[in-house]
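> Residue numbers for the sequence shown follow the numbering used here, beginning at 27 and rising by one.
Beta carbons: idealized from backbone N, C-alpha and C, even for Gly.
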Amino acid sequence: LEIGAMLIGCFMIYGFLFGIGYWIYGEGMYALISFGVGLIAGFLLWRMWPKLSFS
């Protein structure tokens, strides 16, 4: 579960990173898709956070 959370976190960060980059360069559709991937990954990470163990 922890490795899955790490991968989802990477999708979230890269989704927002590419979304901002596409938005700066004026690629609106790609920016929306990237932000959508980031938001979905963020929601999944938020839902799985209580199930993670930090010990």
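(1) Consult DSSP for F44 and reduce its assignment to one of helix, strand or coil.
(2) Quick check on Y56: does DSSP put it in helix, strand or coil?
(3) Pick from G30, I29 and Y40: whose alpha carbon is nearest that of G20?
(4) Exposed or buried, I34, counting other C-beta atoms within 10 Å across all chains shown (16 or more means buried)?
(5) Between the C-alpha atoms of I59 and I66, what's the straight-line distance to the nearest angstrom?
For this structure:
(1) Residue 44 sits at position 18 when you count from the first residue of the sequence shown. If DSSP states are grouped into helix, strand and coil, F44 belongs with the helices.
(2) Within the sequence shown, numbered from 1, the residue matching residue 56 stands at position 30. Y56: helix per DSSP, three-state reduction.
(3) No information on residue 20 is available, as it lies outside the stretch 27 to 81 that the chain covers here.
(4) Within the sequence shown, residue 34 is the residue found at index 8, counting from 1. The residue in question, I34, is buried, as its Cβ has 16 or more Cβ neighbours within 10 Å.
(5) Here the question's residue 59 lines up with position 33 in the sequence shown. Here the question's residue 66 lines up with position 40 in the sequence shown. In a straight line, the C-alpha of I59 is about 11 Å away from that of I66.
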